[in-house]
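Q: Could you have a look at this structure, given as structure tokens, before my questions?
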Amino acid sequence: MKLYESISILRPVQVETENDRVIDKIKEILTQSGANILKLDNSGKKKLAYDIQHERKGTFITVQFEGPPTVVAELERFQRMEDQVMKFMTVIVNPADLVAAATAEAEGEESVDGGIQ
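Here the sequence shown is numbered in this note's numbering, starting from 239 and rising by one per residue.
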């Protein structure tokens, strides 16, 4: 099984239950497809660098999981059909990078790349 990280930008809504519904559906799709969710992070509403579908803000959701490649196809199919999702991207994560990021986070470092900004 490979490690994946999926980032989704959801529409900013007044009622958080709408975003919770999408997050629950993402969890359901991953578990039903045989994936193991390692980390799910709701970063909340943030200002976007540019307007996406006439929206200036978006709710950022990051999910790290391991599973077969078929899981990614099913997850992205759901994200394409869901009106609440404005943008999404799923990438394969190198396990060494995941360990390095966790170590840097535990030590309280700003970045893993040696401080280059």
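Note that the Cβ used here is the ideal one computed from N, Cα and C, for glycine as well. Computed from a prediction, not measured in an experiment: that's the story for all the values here.
Taking all protein chains shown into account, decide if valine 251 is buried (16 or more other Cβ within 10 angstroms of its Cβ) or exposed.
A: exposed
Q: Quick one, are the C-beta atoms of asparagine 257 and leucine 268 less than 7 Å apart?
A: no
Q: Would you decide whether leucine 334 is buried or exposed? Buried here means 16 or more other CB atoms lie within 10 Å of its CB.
A: For the record, residue 334 in the displayed sequence is alanine; it is not leucine. The residue in question, alanine 334, is exposed, as its Cβ has fewer than 16 Cβ neighbours within 10 Å.
Q: Using the three-state DSSP reduction, which class does glutamate 256 fall into: helix, strand or coil?
A: The three-state secondary structure of glutamate 256, taken from DSSP, is helix.
Q: Quick one: give me the first and last residue of the beta strand (DSSP E) that lysine 322 is part of.
A: Lysine is not the amino acid found at residue 322; the sequence shown has glutamine there. Where glutamine 322 is concerned, there is no enclosing beta strand (DSSP E), because DSSP gives it neither an H nor an E.
Q: According to DSSP, simplified to helix, strand and coil, what is alanine 273?
A: coil
Q: My output table needs one value for valine 329: the three-state DSSP class, helix, strand or coil.
A: Three-state DSSP puts valine 329 in a strand.
Q: Can glycine 305 be considered in contact with the ligand ADP, in the sense that its beta carbon sits closer than 6 Å to one or more heavy atoms?
A: By its list of ligands, the structure shown contains no ligand whatsoever, and the ligand ADP lies outside what it can speak to.
Q: Take every Cβ of the segment 300-316, pair it with every Cβ of the segment 272-283, and state whether three or more of those distances are shorter than 8 Å.
A: yes
Q: Output the boundary residues of the beta strand (DSSP E) element that contains valine 301.
A: 293-305
Q: Quick one: using the 10 Å Cβ neighbour count with 16 as the cut-off for buried, is threonine 297 buried or exposed?
A: buried
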